[in-house]
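**Q** Position one of the sequence shown corresponds to residue 6 (the working numbering), numbered consecutively onward. All C-beta atoms, glycine included, are put in the ideal place defined by N, C-alpha and C. This structure is a prediction, so every number in the text was calculated from the model and none was measured.
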Amino acid sequence: MAQMTFATTPGFVDLPDSVLQADQPLTDYVLTKINNNAKFAAVRPEIFYGWYKNGEMVTIPLSPVDGYVYARQELEYEVAAWCSRSPASGSATNGALVKPVRASVNDGPGSLFLMDFWVEEKNEANPGLVHCDTHYWDGGTETPTSGGFMKVRTIATRLS
Numbered sequence: 006m007a008q009m010t011f012a013t014t015p016g017f018v019d020l021p022d023s024v025l026q027a028d029q030p031l032t033d034y035v036l037t038k039i040n041n042n043a044k045f046a047a048v049r050p051e052i053f054y055g056w057y058k059n060g061e062m063v064t065i066p067l068s069p070v071d072g073y074v075y076a077r078q079e080l081e082y083e084v085a086a087w088c089s090r091s092p093a094s095g096s097a098t099n100g101a102l103v104k105p106v107r108a109s110v111n112d113g114p115g116s117l118f119l120m121d122f123w124v125e126e127k128n129e130a131n132p133g134l135v136h137c138d139t140h141y142w143d144g145g146t147e148t149p150t151s152g153g154f155m156k157v158r159t160i161a162t163r164l165s
């Protein structure tokens, strides 16, 4: 399947219902605006994926359709998958499309106790900042770490 591309960034144009009523001429202007609206709808929303570890910022996506660069306020994040162990040394994260190899040992002593993974949203202090909190329990002692990594689904919706 071929990739859809646009020469320019499409935008929405509001048309009054009266231009589409029976017995009214359908002009090339109205047809062009309907076509532009269809193109605009075709790229709303776009979804991007990447693997990240604690402290990394989710990359701002670039639309493959028309090269549109999204703003942080146009993005929402979901944790799509996660691993309690950190990535192995040399394994790429920071938006990598391929799942990193995980380390061979846990980041803390004992058994896995708690995992709290999230990405700060547009209404928080650092939109796009990745948090990986992994805690271990070893016979009465809790050890918090920032180990682990996650796959982030970025849902991008154009505001203009």
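Just curious, the beta strand (DSSP E) that Ile-39 is in, first and last residue?
**A** Within the sequence shown, numbered from 1, the residue matching residue 39 stands at position 34. It is not in any beta strand (DSSP E) - Ile-39 instead sits in the alpha helix (DSSP H) that spans 33-47.
**Q** Going by DSSP in three states, Leu-119 sits in which element: helix, strand or coil?
**A** Mapped onto the sequence shown, residue 119 falls at position 114. It is a strand residue.
**Q** How should Asp-112 be labelled, buried or exposed, when 16 other C-beta atoms within 10 angstroms of its C-beta is the threshold for buried?
**A** Here residue 112 refers to the residue found at position 107 when the sequence shown is read from its first residue. Flag for Asp-112 reads buried.
**Q** Indicate the three-state DSSP secondary structure (helix, strand or coil) for Glu-61 in the structure shown.
**A** Counting from one through the sequence shown, the residue named residue 61 turns up at place 56. The answer is coil: DSSP assigns Glu-61 none of H, G, I, E or B.
**Q** Run through the DSSP bridge pairs and tell me what Val-157 is partnered with.
**A** Within the sequence shown, numbered from 1, the residue matching residue 157 stands at position 152. Per DSSP, Gly-55 and Val-84.
**Q** Say whether the segment 29-41 touches the segment 69-85, bearing in mind that this needs 3 or more beta-carbon pairs closer than 8 angstroms, one atom from each stretch.
**A** With a cut-off of 8 angstroms, the segment 69-85 and the segment 29-41 do not count as touching, because too few Cβ pairs lie within range.
**Q** Just the C-alpha distance for Met-6 and Asp-22, rounded to the nearest angstrom, thanks.
**A** Residue 6 sits at position 1 when you count from the first residue of the sequence shown. Residue 22 sits at position 17 when you count from the first residue of the sequence shown. Note that Met-6 scores a pLDDT of 45, beneath 50, so its modelled location is shaky; the value from the coordinates is reported in the next line. Met-6 and Asp-22: Cα-Cα distance of roughly 35 angstroms.
**Q** Hey, out of Lys-58, Phe-45, Asp-33 and Gln-29, whose CA is closest to Thr-162's CA?
**A** Start at 1 with the first residue of the sequence shown, and residue 162 comes out as number 157. Closest option to Thr-162, Cα to Cα, is Phe-45.
**Q** Consult DSSP for Asp-22 and reduce its assignment to one of helix, strand or coil.
**A** Start at 1 with the first residue of the sequence shown, and residue 22 comes out as number 17. Residue state, collapsed to three classes: helix.
**Q** My guess is that Gln-78 and Leu-25 are in contact by the Cβ rule of under 8 angstroms, so how many angstroms apart are they, rounded?
**A** Position 73 of the sequence shown, counted from the start, is the residue given in the question as residue 78. Position 20 of the sequence shown, counted from the start, is the residue given in the question as residue 25. Wrong, their Cβ atoms sit about 33 angstroms apart, outside the cutoff.
**Q** Locate the beta strand (DSSP E) running through Pro-149, then write down its first and last residues.
**A** Reading the sequence shown from its first residue, position 144 is the one you call residue 149. Where Pro-149 is concerned, the enclosing beta strand (DSSP E) stretches over 146-150.
**Q** Label Ser-116 either buried or exposed according to how many other C-beta atoms from any shown protein chain fall within 10 Å of its C-beta, with 16 as the threshold for buried.
**A** Within the sequence shown, numbered from 1, the residue matching residue 116 stands at position 111. Answer is exposed; the Cβ neighbour count stays below 16.
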